[in-house]
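At the far end of the sequence shown sits residue 927, using the numbering used here, and the numbering has no gaps.
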Amino acid sequence: MTVPVDTPRGSLKVYLGYAAGVGKTFQMLGDAHAATQRGVDVVVAYFQPHARPDTIEQAQGLEIVPHRKIEYRGKTFEEMDTEAVLRRRPSTALVDELAHTNIPGSTRTKRWEDVQILLHAGIEVWTTMNVQHIESLK
790 MTVPVDTPRG
800 SLKVYLGYAA
810 GVGKTFQMLG
820 DAHAATQRGV
830 DVVVAYFQPH
840 ARPDTIEQAQ
850 GLEIVPHRKI
860 EYRGKTFEEM
870 DTEAVLRRRP
880 STALVDELAH
890 TNIPGSTRTK
900 RWEDVQILLH
910 AGIEVWTTMN
920 VQHIESLK
């Protein structure tokens, strides 16, 4: 899918936490509900609930773009379907776990590369990330 040259780049909002389970995804989903109440076109592009019932419940009522299924070493994994999000063209896409490494066989190696594609298409992206991933860049 090509993006017109004059499309303004989307903005990035990062929900940063010091560890897993501190509420980044829960807060992002809550903010998405508030945004949809204001009329913002929001979709959940990728969501990893980690079997947390409260987080799963928080996602209820939000539009979720189905994940792409990828076979790897005899197992099926789910990754964000970036092309499906581009076809849907929301104003805002929620993408959990920015620092994630995609399963081999994915179009791109890292989830941040998928996010870059969405941003270049003019889609605002809200994402989550732990401090340790920033520290690991050092």
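Virtual Cβ for every residue (Gly too), placed ideally from N, Cα, C.
When you compare each of Pro893, Ser880, Leu875 and Pro879 to Gly863 by their alpha carbons, which one comes out closest? Residue mapping note: residue 863 aligns to position 74 of the sequence shown, counting from 1. Answer by Cα proximity: Pro893.
Measure how close the beta-carbons of Asp857 and Met869 come, nearest whole angstrom, since I'm counting them as under 8 Å. The residue you call residue 857 lines up with position 68 of the sequence shown. The residue you call residue 869 lines up with position 80 of the sequence shown. Residue identity differs from the one stated: residue 857 is Arg in this sequence, not Asp. Taking a contact as a CB-CB distance under 8 Å, the pair Arg857 and Met869 counts as one, their CB atoms being some 7 Å apart.
Mark Tyr861 as exposed unless 16 or more other C-beta atoms lie within 10 angstroms of its C-beta, in which case mark it buried. Taking the first residue of the sequence shown as position 1, residue 861 is located at position 72. Result: exposed.
Which residue marks the beginning of the alpha helix (DSSP H) containing Thr825, and which one marks its end? Taking the first residue of the sequence shown as 1, we reach residue 825 at position 36. Taken as a continuous stretch (DSSP letters only), the alpha helix (DSSP H) holding Thr825 covers Lys813 to Gln826.
Rounded to whole angstroms, what is the Cα-Cα separation between Ile859 and Ala873? Within the sequence shown, the letter at position 70 stands for residue 859. Within the sequence shown, the letter at position 84 stands for residue 873. Each residue's alpha carbon lies about 15 Å from the other.
What are the boundary residues of the alpha helix (DSSP H) that includes Ala808? Here the question's residue 808 lines up with position 19 in the sequence shown. Taken as a continuous stretch (DSSP letters only), Ala808 belongs to no alpha helix (DSSP H), as it is neither H nor E.
Measuring alpha carbon to alpha carbon, tell me which residue in Thr814, Arg897, Gln905 and Glu852 is nearest His839. In the sequence shown, residue 839 corresponds to position 50, counting from 1. Of the candidates Thr814, Arg897, Gln905 and Glu852, the one whose C-alpha sits nearest the C-alpha of His839 is Thr814.
Mind checking which residues open and close the alpha helix (DSSP H) that includes Ile845? Against the sequence shown, residue 845 aligns to sequence position 56. Ile845 -> alpha helix (DSSP H) spans Pro842 to Ala848.
Which runs of the alpha helix (DSSP H) fall wholly inside the segment 865-899 and span at least 4 residues, in chain order? 871-877
Contact defined as beta carbons within less than 8 Å: I believe Leu851 pairs with Ala821. What is the distance between those atoms, to the nearest angstrom? Numbered from 1 along the sequence shown, position 62 holds the residue referred to as residue 851. Numbered from 1 along the sequence shown, position 32 holds the residue referred to as residue 821. Right, their Cβ atoms sit about 6 Å apart.
Val829 (DSSP reduced to helix, strand or coil): Taking the first residue of the sequence shown as position 1, residue 829 is located at position 40. Correct three-state label for Val829: coil.
Alpha carbon to alpha carbon, how far is Val914 from Gln847? Here residue 914 refers to the residue found at position 125 of the sequence shown. Here residue 847 refers to the residue found at position 58 of the sequence shown. Answer to the nearest angstrom: the Cα atoms are 18 Å apart.
Let me confirm a value: Tyr835 is counted as buried when at least 16 other C-beta atoms fall within 10 Å, else exposed. Which label applies? Position 46 of the sequence shown holds residue 835. Buried, by the Cβ-count rule.
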